[in-house]
Amino acid sequence: MVKRNQSNVVSVPINIPQFRHDLITWFEKEQRELPWRENQDPYRVWVSEIMLQQTKVETVIPYFHRFIQSFPTLEALASADEQEVLKAWEGLGYYSRVRNLQTAVKEVVADYEAKVPQDAEQFGKLKGVGPYTKGAVLSIAYGQPEPAVDGNVMRVLSRILLIEEDIAKVKTRKIFEEAVRQLISHDNPSAFNQGLMELGALICTPRNPSCLLCPVQEHCIAYDKGIEQTLPIKTKKTKQQMKAYHVLVLEVNDNEYLLEQRPNEGLLAQMWQFPMVEITEVSENLLLPYINEKYQTTGHSIEKLQPVRHVFSHITWELNVVKIKCDQLHDIKQHQKTLSLEEISEYPLPVSHQKVYRQLLE
DNA sequence: AAATCGGGGTG
DNA sequence: CACCCAGATTT
């Protein structure tokens, strides 16, 4: 059991040198071959850590290959076109990650001679670099003994050290960071941190952990007590709300469609989409006059396409998709364009609108 | 401290 | 369906 006083001092009741050795030896032998493990290039490590936030390894691998191919160096990413960068991230989600990454990379070029800073304070100030990413990059690329506490590490250490704090609370991470500072190998911080995460991914899984195969089973307090399945403790979050929209597929001139760019901030910022109207604003039978008024056009045939249901982490979209052939559109705004199907493929679309786009290709 | 921000996989 | 994933930022 981990004890701590008011100042977050943690006493770790296990054989630390033995634990380090067991963990690192296992990691060196059993680690997966992953594209970002080919070398220790700080830029590549950084890109991989951003991609891996809330995202599984298998999902990231193809994106990582393509991203590094398109933007092989920090300078290449810094000088790249923003829309092309967003396009490379299309389908990966949490798009602010890549916009922040490009912002940060530009800072590194401007302020640090295009070298990823080794100073924890400097690196941690960069856009999109939080406590986890800071520790991960500095330990993996530069061998610094900094904690890198993610969901895996909290799960693994909650079991090994029997930490029963609620990991849904932001401040709980600090308890785990303090534990890692005591545990971490100064000879090989990279293998130690990655070993904890790899253990969480391969052995110490959320459900049905493979304790019989665990290289640190003998250090695990929860296993000793037979309560590993009850950890970590995490309170559940509120369930999401639903929003219903009409998606307007406006076709003009045969094979020209109206697309619009979403605002610079908020959900799916700067991604492109077919125009959407909240269903509460206009019912389906009034859609044609609504469009004719709004775009100063004459809409003919409304064709109902396959509706789309799309689940985000905190909202669900119910999309009523309608295709409308209409005359020349007027009143096109700055953030809107009419594009052919081929041109649309070059724009970054969220997955929800890719589902609409795919229907047009059929 | 709680909400926001994506998308896919699992049991 | 709920839960989770190599989290960070904003409110």
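The opening position of the first sequence corresponds to residue 1 in UniProt numbering, with each subsequent residue numbered one higher. Using N, Cα and C, we set each Cβ at its ideal position, and we do this for glycine too. Note that the structure is a prediction, hence the values are computed from the model and not measured.
Item                                                                                                                                                                              : Value
Between the Cα of GLU228 and those of LEU212, LYS239, GLN122 and LYS243, spot the shortest distance and give me the residue it belongs to.                                        : LEU212
Ignore the nearest five residues each way along the sequence and tell me which others in GLU362's own chain have a CB closer than 7 angstroms to its CB.                          : none
At what residue ranges does the stretch 206 to 274 contain a whole run of the beta strand (DSSP E), taking only runs of 3 or more?                                                : 241 to 252 and 256 to 261
With distance defined between alpha-carbon atoms, name the residue in GLN53, LYS294, GLN336 and VAL47 nearest to GLN261.                                                          : GLN336
Looking at VAL137 and VAL60, is the spacing between their C-beta atoms short of 8 angstroms?                                                                                      : no
How long is the line joining the alpha carbons of LEU199 and SER96, rounded to whole angstroms?                                                                                   : 29 angstroms
Within the same chain, show all residues whose beta-carbon is closer than 8 angstroms to that of PRO52, passing over the 5 residues directly before and after it, in chain order. : One detail in the question is off: residue 52 reads as Leu in this sequence, not Pro. So the list reads VAL60, once near-sequence residues are dropped.
Got a sec, what are the start and stop residues for the alpha helix (DSSP H) VAL129 sits in?                                                                                      : From DSSP, VAL129 is part of no alpha helix (DSSP H); its letter is neither H nor E.
Along the beta strand (DSSP E) that carries LYS56, what are the first and last residues, could you check?                                                                         : No beta strand (DSSP E) holds LYS56; DSSP gives it neither H nor E.
How about TYR132 and LEU92: are their beta carbons less than 8 angstroms apart?                                                                                                   : no
Buried or exposed: VAL9, going by 16 or more other Cβ atoms within 10 Å of its Cβ?                                                                                                : Any reading at VAL9 is ruled out, since the residue's pLDDT is 46, under 50, leaving its predicted position unreliable.
Less than 8 angstroms between the beta carbons of TYR295 and ASP331, yes or no?                                                                                                   : yes
Would LEU329 pass as a contact of VAL252 if the rule is Cβ separation under 8 angstroms?                                                                                          : yes
Note down the Cα distance separating LEU34 from PHE27, rounded to an integer number of angstroms.                                                                                 : 13 angstroms
Please state the DSSP three-state secondary structure of LEU162.                                                                                                                  : coil
Should the stretch 108 to 120 be called in touch with the stretch 171 to 180, which here means at least 3 C-beta pairs below 8 angstroms?                                         : no
Once DSSP output is grouped into helix, strand and coil, what is the label at SER301?                                                                                             : strand
Among ALA179, TYR142 and ILE140, which one has its Cα closest to the Cα of VAL153?                                                                                                : ALA179
With respect to the beta strand (DSSP E) encompassing ILE324, which residues constitute its N-terminal and C-terminal limits?                                                     : 315 to 326
Closest to ASN264 by CA distance: which of LEU74, GLN83 and SER210 is it?                                                                                                         : GLN83
Taking 8 angstroms as the cut-off, does the stretch 150 to 164 touch the stretch 67 to 74 (at least 3 CB pairs, one atom from each stretch)?                                      : no
Got a sec, what are the start and stop residues for the beta strand (DSSP E) LYS337 sits in?                                                                                      : 336 to 339
Per the contact definition of three or more C-beta pairs closer than 8 angstroms, is the stretch 308 to 320 in contact with the stretch 218 to 226?                               : no
Ignore the nearest five residues each way along the sequence and tell me which others in SER7's own chain have a CB closer than 8 angstroms to its CB.                            : At SER7 the pLDDT is 40, less than 50, meaning the model places this residue with poor confidence; the figure from the coordinates comes in the next sentence. Correct list: empty, nothing qualifies.
Give the range of the beta strand (DSSP E) segment to which GLU278 is assigned.                                                                                                   : 276 to 278
I need the DSSP call for ARG173, collapsed to helix, strand or coil.                                                                                                              : helix
Less than 8 angstroms between the beta carbons of HIS246 and ASN320, yes or no?                                                                                                   : yes
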